[in-house]
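J.:
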Amino acid sequence: MATKREKITEDDTQCSVCRTTFRNPRILPCKHMFCHECLCGVVKRHDGKSAFPCPLCRASTNTDIRITIEPSDRLVNQFPVDREMQSHLERRQTCLACKTESKNETATVYCMGCHEHMCTVCGETHKKYKLMRSHQLRPSEEAPSSKVKDSLQELNRCPNHENEHLEFICQDHDQPCCSKCAFTSHRKCDNVMLISDVIKDNKTYEASIKQRTDMIDNALKRVSTLCLELEAEPSRIATSYENIDKQLNEFKLRINDAYESLRSSVKKAFMAEKSKILRSSEITLNNATAKKVDILNKKEELDGVLSHGDEVQKYLYMRNQANYVDANATWQIEFTQKRIVLDKKMQPSLLNLRLENELLIPQDGRPRRPPPRSTHTLLDNIIEAIKNLVEVKQEICK
């Protein structure tokens, strides 16, 4: 017996083993169902085995444990109960007419006029009587719920006579009433009519029902849509956070890229300045080395004269030397030591720029033409500022 069905018929409620109504129906893997006790009996017949066949389709059902005669309940309990069938059986009604004669017949129809469930025989008999011939019979499955039934009975109940139904309407007082009210409270009224006749003559009645139905359906649709949207709010907000986090990561990547671009340009500029300083230092070093050799030679010459020459030789040596100022100037080497530094650029703040562009009024007082709106975002400006944050230059060491 398949567990998914559009409509459960009377035949569907019968166990194929015991041929009676299901009692605690359990489903096998092949989708056929049997009473719990019937399935226990089937299992017991395969004592000692680790599988048993479905009584209907003979499909083999493997068991986790070896089958034993006692207790078979433990194995059968592993198979799920068909909740749909169980619920249907619990809701199934019995014929109230037969119940008065101590008979237990399953109801198949429901009388919308009497608000009672009946079996097929009682339903056919019910329609034979003239007073009940107009009553509408529906399948028991389509019977209204207890809540709806109570509501319908309350609509028909006369507020002044509890056991009487509202059948008339006094159009003079625009008030529904029962037969007792019609012959007492409204006996002098001119326009007391059967409600059924009023319905026949009221051409807007069906239109008003449709209008009311459409209004409720539309309201339900709107509220249901709103409920779905509200239920999705946590997920939507979570998605918003994920998007924000993603954007922040993109900001981070762009800022990191800007930093790497700055670092690369600084390194390139540093290497260029380094080459200039080293080239200048090398030229100065060569010049200083040559002068050093010349000075050492002059020193050696002077030391020789001073150590071994007489006064005449010393005089003649000194007479041939350049004066002090000229000699000192010849050996003087100009060298300025420099270092490479980062110079922080001075840039106007974005707020000041905005004030200049938007808030300041010209001296002539004439309205100022607004500047074209930039397509650059604040992040774009920050990225550009990072790329041009510093410049490499040389400065004299103090």
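Just so we're aligned: 369 in the UniProt record's numbering is position 369 of the sequence shown, and the numbers increase by one with no gaps anywhere.
For every residue, glycine included, the Cβ atom is placed at its ideal position computed from N, Cα and C.
1) To the nearest angstrom, how far is the alpha carbon of residue 75 from that of residue 12?
2) Just to confirm my understanding: we take residue 156, look at its own chain, exclude 5 residues before and 5 after, and list those with CB closer than 6 Å. What are they?
3) From residue 355 to residue 252, what distance separates their C-alpha atoms?
4) Using the three-state DSSP reduction, which class does residue 401 fall into: helix, strand or coil?
5) Is it a yes or a no for the segment 172-186 touching the segment 130-145, going by three-plus beta-carbon pairs under 8 Å?
6) With contact counted as at least three CB pairs below 8 Å, one residue from each stretch, are the segment 118-131 and the segment 87-102 in contact?
7) Determine the direct distance from the alpha carbon of residue 20 to that of residue 56, and round the result to whole angstroms.
8) When you compare each of 320, 284, 377 to residue 337 by their alpha carbons, which one comes out closest?
9) Quick one: is residue 378 buried, meaning 16 or more other Cβ sit within 10 Å of its Cβ, or exposed?
10) Would the C-beta of residue 13 count as close to the ligand SAH, meaning under 6 Å from any of its heavy atoms?
11) Return the first residue and the last residue of the beta strand (DSSP E) that residue 34 is part of.
12) Looking only at C-alpha atoms, which of 332, 303, 315, 269 sits nearest to residue 287?
13) Do the segment 17-32 and the segment 78-90 make contact, defined as three or more Cβ pairs closer than 8 Å?
14) On the three-pair Cβ rule with 8 Å, is the segment 380-387 touching the segment 248-262?
15) Give me the residue from 47, 106, 54 with the minimum Cα distance to residue 39.
16) For residue 117, which beta-bridge partners are listed by DSSP?
17) By the DSSP assignment, the beta strand (DSSP E) with residue 51 in it spans what residues?
T.: This is what the structure gives:
1) If you number the sequence shown from 1, residue 75 lands on position 75. If you number the sequence shown from 1, residue 12 lands on position 12. Approximately 25 Å between the Cα atoms of the pair.
2) In the sequence shown, the residue the question calls residue 156 occupies position 156. Only 165, 166 meet the Cβ criterion.
3) Locating residue 355 in the sequence shown gives position 355, where the first residue counts as 1. Locating residue 252 in the sequence shown gives position 252, where the first residue counts as 1. Note on residue 355: pLDDT 43, under 50, position unreliable in the model; the coordinate value appears next. Each residue's alpha carbon lies about 29 Å from the other.
4) Coverage of the chain is limited to positions 1 through 398, which leaves residue 401 absent and any answer about it impossible.
5) no
6) yes
7) Along the sequence shown, read from residue 1 onward, the residue named residue 56 stands at position 56. Along the sequence shown, read from residue 1 onward, the residue named residue 20 stands at position 20. Going from the Cα of residue 56 to the Cα of residue 20 covers about 16 Å.
8) The residue given as residue 337 occupies position 337 in the sequence shown. Looking at the Cα atoms, 284 is the closest of the given residues.
9) Along the sequence shown, read from residue 1 onward, the residue named residue 378 stands at position 378. Answer is exposed; the Cβ neighbour count stays below 16.
10) Of the ligands one can find in the structure shown there are none, so the ligand SAH has no counterpart to examine.
11) Position 34 of the sequence shown holds residue 34. Run containing residue 34: 33-35, per the beta strand (DSSP E) assignment.
12) By 1-based counting over the sequence shown, the position of residue 287 is 287. The residue with the shortest Cα to Cα distance from residue 287 is 332.
13) yes
14) yes
15) One-based indexing of the sequence shown puts residue 39 at position 39. When only C-alpha atoms are compared, the closest one is 54.
16) Your numbering for residue 117 matches position 117 in the sequence shown. DSSP, once it has assigned bridges, lists 110 as partnering residue 117.
17) As a position in the sequence shown, residue 51 is number 51, starting the count at 1. Unbroken beta strand (DSSP E) run through residue 51: 51-53.
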